[in-house]
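Just so you know, my numbering puts 451 at position 441 of the sequence shown, and the rest follows in order with no gaps.
Here is the structure we will look at.
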Amino acid sequence: MEEVVLLENMTILLLLGGICSVIFKKLKMPAIIGYLVTGIILANYWSGRSQDTDDIVGFLSDLGLVFMMFGIGMELNLQKLKKTGSFAIMVVMIQVPLMLMGGYLGGSLLGLDSLQSIVFGAIISGSSTAVVTVVLKDQVRLTKEEVETVVLITVVEDVAQVIILSAITPMMSGSDMEISAIIWMFLKIIAFMVAAVAIGLLVVPRFINWVDAKTSDRNSSEVVLIVSLGLCFAMAWMATQVGLSMAIGAFLMGVIVSQSKPVTKVSTMVEPMKEVFMMMFFISIGLEIKPSYLIDNIGLIIAIYLIYFCLKTASVLVAYYLGNKPMRKSFYASISLVAMGEFAFIIGKEALDAGILSSDFYAAVIGAALVSMILLPPINSKADEIYDAVSNHTPTRIKMGMQEVDKLRNSFFNKIENASKNTQKNFRVRLTYAYVDIVVIVLIEIIFFLATPTLSQFIADNTLMESYSATEAVMVINFLMLIPFLYKMIFNFKFIERVLLDAERRASAGNLAKRRSLNYRLTKFVVELNGWITVIMLDFVIILIVPNSVSFFGHLVVAAISSLILVLVYLYSYFKRN
Numbered sequence: 011m012e013e014v015v016l017l018e019n020m021t022i023l024l025l026l027g028g029i030c031s032v033i034f035k036k037l038k039m040p041a042i043i044g045y046l047v048t049g050i051i052l053a054n055y056w057s058g059r060s061q062d063t064d065d066i067v068g069f070l071s072d073l074g075l076v077f078m079m080f081g082i083g084m085e086l087n088l089q090k091l092k093k094t095g096s097f098a099i100m101v102v103m104i105q106v107p108l109m110l111m112g113g114y115l116g117g118s119l120l121g122l123d124s125l126q127s128i129v130f131g132a133i134i135s136g137s138s139t140a141v142v143t144v145v146l147k148d149q150v151r152l153t154k155e156e157v158e159t160v161v162l163i164t165v166v167e168d169v170a171q172v173i174i175l176s177a178i179t180p181m182m183s184g185s186d187m188e189i190s191a192i193i194w195m196f197l198k199i200i201a202f203m204v205a206a207v208a209i210g211l212l213v214v215p216r217f218i219n220w221v222d223a224k225t226s227d228r229n230s231s232e233v234v235l236i237v238s239l240g241l242c243f244a245m246a247w248m249a250t251q252v253g254l255s256m257a258i259g260a261f262l263m264g265v266i267v268s269q270s271k272p273v274t275k276v277s278t279m280v281e282p283m284k285e286v287f288m289m290m291f292f293i294s295i296g297l298e299i300k301p302s303y304l305i306d307n308i309g310l311i312i313a314i315y316l317i318y319f320c321l322k323t324a325s326v327l328v329a330y331y332l333g334n335k336p337m338r339k340s341f342y343a344s345i346s347l348v349a350m351g352e353f354a355f356i357i358g359k360e361a362l363d364a365g366i367l368s369s370d371f372y373a374a375v376i377g378a379a380l381v382s383m384i385l386l387p388p389i390n391s392k393a394d395e396i397y398d399a400v401s402n403h404t405p406t407r408i409k410m411g412m413q414e415v416d417k418l419r420n421s422f423f424n425k426i427e428n429a430s431k432n433t434q435k436n437f438r439v440r441l442t443y444a445y446v447d448i449v450v451i452v453l454i455e456i457i458f459f460l461a462t463p464t465l466s467q468f469i470a471d472n473t474l475m476e477s478y479s480a481t482e483a484v485m486v487i488n489f490l491m492l493i494p495f496l497y498k499m500i501f502n503f504k505f506i507e508r509v510l511l512d513a514e515r516r517a518s519a520g521n522l523a524k525r526r527s528l529n530y531r532l533t534k535f536v537v538e539l540n541g542w543i544t545v546i547m548l549d550f551v552i553i554l555i556v557p558n559s560v561s562f563f564g565h566l567v568v569a570a571i572s573s574l575i576l577v578l579v580y581l582y583s584y585f586k587r588n
């Protein structure tokens with residue numbers, strides 16, 4: 011490449027990107043939109059674009075992706091997250107799975123296949139940290155602490171999307187992969203991430219601290235920057251060797267470096283480079299878009315935005331409400347997060363390059379992301395009016411029902427606050443374990459969703475079973491694998507029993523022993539019975555959604571038998587203990 015070609019392209023890219031970002035800043039919109047528009051202009055209206063332009067932008071956009079992910083990782087201070095991030099983590103743990111499931115259903119309604127629907131759910135699962143921060147900066151409805159919590163939620167969402175991207179990378183690497191190859195790649199990726207984080211946290215922070223101590227007397231702070239960036243690119247390269255995106259490797263090293271003492275120094279020096287190269291990343295996305303794509307797919311853009319808007323507001327609202335936050339504050343937080351995050355572009359670009367998404371659908375995703383960023387400021391500014399309008403038009407019967415739910419919720423949290431410290435600790439620990447059990451159950455069902463046809467055929471070929479009976483056998487195996495995790499999940503949910511019984515002991519102090527004994531035993535029996543009824547209902551639902559050709563009547567029979575077994579196990583265990 012000639013020097014004049016490089017200089018010409020860099021001049022156009024930087025100046026046009028700067029001008030567009032200034033224009034959109036004046037319009038009180040994020041600079042990201044200006045970068046995307048720059049790419050669209052260069053792709054469609056600049057006669058000087060050539061293969062050299064695409065090569066330059068492609069190379070610099072890769073650097074931008076690495077720097078951006080490295081910076082996001084450094085913002086995730088594990089110590090701060092441990093102290094103040096419990097609520098943010100809880101919100102993300104609730105709303106991201108809801109976004110994934112809703113995105114999967116929404117993608118299916120849009121005509122996408124299973125893998126495309128999973129990718130679509132991953133794309134819409136996060137919010138933009140940059141846009142949300144800018145929008146919340148001038149509002150007065152949320153306190154400073156509440157704003158910091160909302161911003162922290164976007165950071166934790168980035169972490170969740172890194173995990174999601176890690177999980178779907180093997181799927182995007184080839185739709186014709188055998189299930190065994192996919193499982194092997196999953197295991198390899200998990201082993202790499204665990205080893206990278208474990209070894210990295212033990213070695214890298216100490217090494218960077220040593221480098222900083224050896225060079226601080228000479229005012230050579232750039233040495234720490236060079237070493238940190240070298241480690242960042244090394245981890246990004248290693249991630250690509252195991253089938254991951256380089257973005258994930260850069261993010262992991264950012265998290266590791268955040269535990270070193272000079273992290274503030276490194277972050278400050280990385281920031282200018284990150285801004286420049288991040289601009290190139292968004293310009294490269296704009297280069298993939300033609301205005302005709304946006305115009306031709308305007309209906310799809312609106313549909314994607316509406317799916318995202320409804321799912322995001324509903325899922326965050328539910329998460330905040332379950333976290334014992336007032337409904338109005340919950341609505342403010344949910345409406346403040348309706349802007350697709352930077353990961354929407356990253357995951358979408360990865361899926362486009364892998365041939366999972368078409369150019370038209372990719373352009374529609376970008377268009378929906380732009381719409382969400384443009385509409386967030388005016389929607390957020392009208393949050394009070396929107397909430398009041400919805401409240402005024404809500405039917406009285408629904409309002410009365412919500413008031414009863416509020417009473418139950420407030421009573422539950424009051425009992426937790428009045429319980430012993432040991433019970434409160436058990437509440438948090440068991441809730442986390444129960445969530446892990448739910449995730450494992452979902453993963454088992456995903457594996458059986460992928461493996462049922464192969465397993466059924468294998469059993470039919472190697473036994474005397476017919477194809478129909480082989481499918482039933484797979485369903486039985488699936489059910490047997492779920493039993494221990496369902497049992498553990500209900501066992502972990504027994505923190506409710508602990509809270510209620512502890513509160514019952516306190517409330518019954520000084521009363522007659524007979525009354526105390528009756529209340530205590532009745533509460534214990536009802537809580538345990540409700541828990542096992544929940545197991546039965548979950549068992550029935552799970553059996554119904556297992557992918558197979560068994561008739562609905564066959565599902566009912568299996569569900570009835572398994573429910574009877576669970577009831578007998580419950581009665582035996584209860585009377586044995588009492």
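Quick reminder that beta carbons are idealized off the backbone N, C-alpha and C, glycines included.
None of these values were measured; they are calculated from a predicted model.
Query raised in the report: Relative to the alpha-carbon of I312, which residue among M475, L120 and M78 has its alpha-carbon at the smallest distance?
Result: L120
Report task. Return yes when the Cβ of L70 is within less than 8 Å of the Cβ of M263, no when it is not. Result -> no
Query - Cβ-Cβ distance between E156 and K36 below 8 Å - result: no
Query raised in the report: Which of the three DSSP states, helix, strand or coil, is assigned to M350?
Result: strand
Query raised in the report: By Cβ distance, which residues of its chain are closer than 8 Å to I384, with the 5 residues on each side in sequence left out?
Result: M39 and I43
Requested in this report: Decide if G131 is buried, meaning its Cβ has at least 16 other Cβ atoms within 10 Å, or exposed.
Outcome: buried
Query raised in the report: Does the beta-carbon of M20 have 16 or more other beta-carbons within 10 angstroms, so that it is buried, or is it exposed?
Result: exposed
Query raised in the report: Considering only C-alpha positions, which residue in the set L110, G259, F80 and G49 is nearest to A354?
Result: L110
Query - Bounding residues of the alpha helix (DSSP H) (the contiguous stretch that carries G121) - result: Looking at the DSSP string, G121 is not in any alpha helix (DSSP H), and its letter there is neither H nor E.
Query - Simplified DSSP assignment, three categories, for V14 - result: helix
Requested in this report: Determine the closest residue to F319 out of A208, I308 and S135, with distance taken between C-alpha atoms.
Outcome: S135
Report task. Give, in chain order, every unbroken run of the alpha helix (DSSP H) that is at least 4 residues long and sits entirely within the stretch 284 to 357. Result -> 301 to 306, 308 to 332 and 337 to 346
Query raised in the report: Are the stretch 97 to 112 and the stretch 48 to 63 in contact at 8 Å, needing three or more beta carbon pairs?
Result: no
Report task. Take the Cβ of Q61 as the centre, count every other Cβ of all protein chains shown within 10 Å, and call the residue buried at 16 or more, exposed below. Result -> exposed
**Report entry** Nearest neighbour of V172, chosen from L492, F217, L254 and M279 [CA to CA]
**Finding:** L254
Query - Residues near N219 by beta carbon distance below 6 Å, same chain, minus five either side - result: S270 and K271
Query - Proximity to M491 [Cα-Cα], best of M337, N472, N420 and F458 - result: F458
Query raised in the report: Would you report the Cα separation of L239 and V233, rounded to the nearest angstrom?
Result: 10 Å
Report task. Might you give, ordered along the chain, the residues of its own chain that have their beta carbon closer than 6 Å to the beta carbon of G112, omitting 5 neighbours on each side? Result -> L321
Query raised in the report: When burial is assigned at 16 or more other CB atoms within 10 Å of the CB, is G68 buried or exposed?
Result: exposed
Query raised in the report: Would A349 pass as a contact of S138 if the rule is Cβ separation under 8 Å?
Result: yes
Query raised in the report: DSSP puts S137 in a beta bridge; with which residues?
Result: M350
Report task. Measuring alpha carbon to alpha carbon, tell me which of P107, V169 and V15 ends up nearest D64. Result -> V15
Query raised in the report: Quick one: Cα of S176 to Cα of I258, how far?
Result: 7 Å
Query raised in the report: When the Cα of V213 is compared with those of F261, V160 and V267, which residue comes out closest?
Result: V267
Report task. Report yes if the C-beta distance between S369 and G49 is below 8 Å; otherwise report no. Result -> no
Query raised in the report: A373 by DSSP, collapsed to three states: which one?
Result: helix
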